[in-house]
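Colleague:
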Amino acid sequence: MEKRGFYERVKELTVKLVECPSIMGTPGERKIAELIYEEFSRLEYFKTKKENLRFVPVPDDHLGRKCVFALIEGEKNPSKETVVLLGHIDTVRIEDFGKLKPFAFSPERLKEELSKLALREDVLEDIKTGEWLFGRGSYDMKSGVAAHMAVIERLSRETDNLSGNVLFVGAPDEEDMSSGALAAVKELRKMQEQGYEFISLINADYTSPRYPKDPHYYVYLGTVGKLLPSFFITGRETHVGQSFEGFDSNQLAAELTRLIDMNTGLCDEAEGEVPPPPISLKVRDLKEKYDVQTPFISQAYYNFFTHKMSPSDVMDRMKEIALKAFENTINRLNEEYKKYCQICSIPYEELPWKPLVYSYEDFYRKVMDKAGPVLKDRLEELHDQLLADPDIDLREHSLRIVEEIWKWSREAKDKVPCIVIYFSSAFSPRVYMKGERPEEMRLIEAVRESVQKISEETGTSIKLKKFYPYISDMSFFAVSDDSESVEVLKKNMPGWGKKYTLDIEDIRALNIPMVNIGPHGKDAHKITERVYMPYSFEAVPKIIYDTVKRLLGR
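Below you can see the structure in the form of structure tokens.
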């Protein structure tokens, strides 16, 4: 791929951004925002239109983090139509670099040090080619931010050929809680009320090969969603010497995990695109120390990617699976007990267990109907106690609330095994770009034409896909789930409104059609993180630039 046009400037900016450490949750996130602001402030456009370059603070942030907003206003046919160029400016941590930590943000020196190690053959080959830039954040996603910056620089000199506006948004905290993107959403809503019409959003997060030696590059319309279905599992304790008198919550958790973990039958396929299957992120019992009493409370949760399934759909599917896991566990216990009775020559009677599965919403309502205001007051008190401890995350907070409600239930009093299903992680809405709205078709057609043009110009195979396959800030600028489905999420999320909230209505009001046109590389979040320069520094900014021109060049 020929190195011209954007290449040198995007490379220069990428190196400059990588050399400015901006690890999530550190003051570096603030410093990189200031660096980007400083770069833009050198442009003639922002020297005359200083008000178009500004910081948008993250509210109540102890680190003083802020977004960078840089607005280019077209002068050909002035309009409030605006294309957003979005990128996150933080990176993950560097503990994984070990002895190479001093070089994590020095691309050339890191490449030199890596070449001395016994790394995988493909990494060593990439080092030899000279076509890959290494370093923390090089791929995820400072090269994408650099591409956006280079496009903004060029457009700032071409306002007389632009019918509308382009807004660069550099957001911190994507790798953690997306507080930067959420601050940007609030600011875009204010701009929307001032008359700005956000017609498209172009994100530039990283893209990867989909399989070994994949020769293609990818552009994605819309994005995958993510939920964390969680399970509070209770049994009945017993002494290990009387094992069949109890119900082991771990055995039920194990069966639940067998039915969910890596089950490709649960992949949420849409239009031939398939996300990874659900995967276990935690399974444990709540015993705090060793004794010979069997576990009777367990916890499990699983990552669940969505393309077309709503929170309501996922809850219904999890209830079906939980019921099946319960039935399987009871059947197995009865089979083993029957064998045991035969071995011991004692009479067999079927064990008393019955499947009992609740959604959090149903369980909360059932217990609250009996307990009334006393439980409500207790939960308010517990929420406050949990919020006072910053080390308690959303998942632990949610678990403790469910456990407290269970303590007030008939199931706890009578020691009846049950499962309560809830959601316990930040909600990343899916965005399904079906092309049903004229605004979506406008972006889809512009991207399709740009991809075809740049693919032919650069001699590369660039594929257009429907769903960006990784969690990203794109989820917070549109939502495909209807209000009823989101209400199911809220009512089944113990931490909602206390430990966690998301202004879905602000997101729905924006509902910006979106695409991810990002750098190509390998090994995000690994010490061998690297970006492929020929495509990422030339083709990516070209596609972004050409797409913007097709949207606003009329």
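Here the sequence shown is numbered in the numbering used here, starting from 183 and rising by one per residue. From the three backbone atoms N, C-alpha and C, an ideal C-beta is built for every residue, glycine too.
#1: In or out: R466 buried (at least 16 other Cβ within 10 Å) or exposed?
#2: When DSSP labels each residue in this structure, what does Q376 get in the three-state scheme?
#3: Let's see if you can read the secondary structure: which residues bound the alpha helix (DSSP H) around V661?
#4: Around the Cβ of F570, are there at least 16 other Cβ atoms within 10 angstroms (buried) or fewer (exposed)?
#5: Given that a residue counts as buried once 16 or more other Cβ atoms are within 10 Å of its Cβ, and exposed if not, what is L299?
#6: CB E720 to CB Y189, shorter than 9 Å?
#7: When the Cα atoms are used, what is the spatial distance from C202 to G210?
#8: Can you list, in chain order, the residues of its chain with a C-beta nearer than 6 Å to that of S667? Leave out the 5 residues immediately preceding and following it.
#9: Quick check on DSSP: helix, strand or coil for N510?
#10: Buried or exposed: where does R712 fall if 16 or more other Cβ atoms within 10 Å of its Cβ makes it buried?
#11: Compute the Euclidean distance between the alpha carbons of P477 and S580, then round it to the nearest angstrom.
#12: Report the residue ranges of all beta strand (DSSP E) runs contained in full by the region 621-690; include only those spanning at least 3 residues, in chain order.
#13: Helix, strand or coil for D728? Go by DSSP, reduced to three states.
#14: What did DSSP end up calling C249 once you bin it into helix, strand or coil?
#15: Helix or strand or just coil, what does DSSP make of S494?
#16: My guess is that A660 and I626 are in contact by the Cβ rule of under 8 Å, so how many angstroms apart are they, rounded?
#17: Between the region 341-361 and the region 245-260, do at least 3 Cβ pairs fall closer than 8 Å?
#18: Name the two residues that bound the continuous alpha helix (DSSP H) containing W738.
#19: Leaving out the 5 sequence neighbours to the left and right, which residues in its chain are closer than 7 Å to V670 when beta-carbon positions are compared?
#20: Rounded to the nearest angstrom, what separates E216 and P239 at their Cα positions?
#21: Under 9 Å, Cβ to Cβ, is there at least one residue of chain C near R318?
#22: Roughly how many whole angstroms lie between the Cα atoms of Y219 and T230?
#23: From the DSSP secondary-structure annotation, give me the bridge partner or partners of I461.
#24: Could you give the DSSP three-state label for E618: helix, strand or coil?
#25: Using only the alpha-carbon positions, how far apart do I276 and K501 sit?
#26: Looking only at C-alpha atoms, which of D387, D342, E294 sits nearest to V327?
#27: Below 9 Å between beta carbons: does that hold for D308 and K708?
#28: Quick one: using the 10 Å Cβ neighbour count with 16 as the cut-off for buried, is E593 buried or exposed?
#29: Between which two residues does the beta strand (DSSP E) containing I276 stretch?
#30: Give me the Cα-Cα distance between T729 and P651, rounded to the nearest whole angstrom.
#31: Got a sec? Which residues, its chain only, sit under 7 Å from R732 by beta carbon, not counting five neighbours each side?
#32: Quick check on T230: does DSSP put it in helix, strand or coil?
#33: What are the uninterrupted segments assigned as alpha helix (DSSP H) that are 4 or more residues long and contained completely in the region 324-392, given in chain order?
#34: If we ignore side chains and look at the alpha-carbon of each, how far apart do I601 and L515 end up?
#35: Using the three-state DSSP reduction, which class does P239 fall into: helix, strand or coil?
#36: If you measure between the beta carbons of S282 and L301, is that distance less than 9 Å?
Modeller: In terms of the structure at hand:
#1: Numbered from 1 along the sequence shown, position 284 holds the residue referred to as residue 466. By the 10 Å Cβ count, R466 comes out exposed.
#2: In the sequence shown, counting from the first residue as 1, residue 376 sits at position 194. Coil.
#3: Residue numbering aside, residue 661 sits at position 479 when the sequence shown is read from its first letter. From DSSP, V661 is part of no alpha helix (DSSP H); its letter is neither H nor E.
#4: Taking the first residue of the sequence shown as 1, we reach residue 570 at position 388. Reading off the sequence shown, one finds Ala at residue 570, where the question assumed Phe. That one is exposed.
#5: Within the sequence shown, the letter at position 117 stands for residue 299. The residue is exposed, with fewer than 16 neighbouring Cβ atoms inside 10 Å.
#6: If you number the sequence shown from 1, residue 720 lands on position 538. If you number the sequence shown from 1, residue 189 lands on position 7. Yes. Within cutoff.
#7: Counting from one through the sequence shown, the residue named residue 202 turns up at place 20. Counting from one through the sequence shown, the residue named residue 210 turns up at place 28. Computed Cα separation, rounded: 7 Å.
#8: In the sequence shown, residue 667 corresponds to position 485, counting from 1. Result list for S667: S492, P493, S494, in chain order.
#9: The residue labelled residue 510 in the question sits at position 328 within the sequence shown. Note: N510 maps to helix in three-state DSSP.
#10: Counting from 1 along the sequence shown, the entry for residue 712 is found at position 530. Per the 10 Å Cβ criterion, buried.
#11: The residue you call residue 477 lines up with position 295 of the sequence shown. The residue you call residue 580 lines up with position 398 of the sequence shown. Taking the Cα positions, P477 is about 20 Å away from S580.
#12: Within the region 621-690, the complete beta strand (DSSP E) runs of at least 3 residues are 644-647.
#13: As a working note, residue 728 is residue 546 in the sequence shown. Helix at D728.
#14: If you number the sequence shown from 1, residue 249 lands on position 67. Strand.
#15: Within the sequence shown, the letter at position 312 stands for residue 494. The DSSP-derived three-state label of S494 is helix.
#16: Position 478 of the sequence shown holds residue 660. Position 444 of the sequence shown holds residue 626. At roughly 14 Å, the Cβ-Cβ gap does not stay under 8 Å, so A660 and I626 are not in contact.
#17: yes
#18: The structure shown does not extend to residue 738, since the chain is modelled only from 183 through 736, so no value can be given for it.
#19: The sequence position of residue 670 within the sequence shown is 488, counting from 1. Closer than 7 Å at the Cβ level, and outside the excluded window around V670, lie P493, S494, M497.
#20: By one-based count along the sequence shown, residue 216 stands at place 34. By one-based count along the sequence shown, residue 239 stands at place 57. Their backbone Cα atoms lie some 12 Å apart in a straight line.
#21: Protein chain content of the structure displayed is limited to a single chain, and chain C is not contained in it.
#22: Reading the sequence shown from its first residue, position 37 is the one you call residue 219. Reading the sequence shown from its first residue, position 48 is the one you call residue 230. Cα to Cα, the separation comes out at about 15 Å.
#23: Mapped onto the sequence shown, residue 461 falls at position 279. Answer is N485.
#24: In the sequence shown, counting from the first residue as 1, residue 618 sits at position 436. It is coil, neither helix nor strand.
#25: Taking the sequence shown and counting its residues from 1, the one referred to as residue 276 is at position 94. Taking the sequence shown and counting its residues from 1, the one referred to as residue 501 is at position 319. So the alpha carbons of these two residues sit roughly 40 Å apart.
#26: Position 145 of the sequence shown holds residue 327. The option with the nearest alpha carbon to V327 is D387.
#27: Sequence index remark: in the sequence shown, residue 308 carries index 126 (1-based). Sequence index remark: in the sequence shown, residue 708 carries index 526 (1-based). Against a cut-off of 9 Å, the Cβ pair of K708 and D308 comes out as no contact.
#28: Reading the sequence shown from its first residue, position 411 is the one you call residue 593. Looking at its Cβ environment, which holds 16 or more other Cβ atoms inside 10 Å, E593 is buried.
#29: By one-based count along the sequence shown, residue 276 stands at place 94. Looking at the DSSP string, I276 is not in any beta strand (DSSP E), and its letter there is neither H nor E.
#30: Against the sequence shown, residue 729 aligns to sequence position 547. Against the sequence shown, residue 651 aligns to sequence position 469. Approximately 21 Å, taken between the alpha carbons.
#31: Your numbering for residue 732 matches position 550 in the sequence shown. Once the five neighbours on either side are set aside, the close Cβ partners of R732 are A628, E631, S632.
#32: As a working mapping, residue 230 is identified with position 48 in the sequence shown. If DSSP states are grouped into helix, strand and coil, T230 belongs with the helices.
#33: 325-337, 361-375
#34: Residue numbering aside, residue 601 sits at position 419 when the sequence shown is read from its first letter. Residue numbering aside, residue 515 sits at position 333 when the sequence shown is read from its first letter. Whole-angstrom Cα-Cα distance: 17 Å.
#35: The sequence position of residue 239 within the sequence shown is 57, counting from 1. Residue state, collapsed to three classes: strand.
#36: In the sequence shown, residue 282 corresponds to position 100, counting from 1. In the sequence shown, residue 301 corresponds to position 119, counting from 1. Position check: residue 282 holds Leu in this sequence, whereas Ser was assumed. Their beta carbons are not under 9 Å apart, which means L282 does not touch L301 by this criterion.
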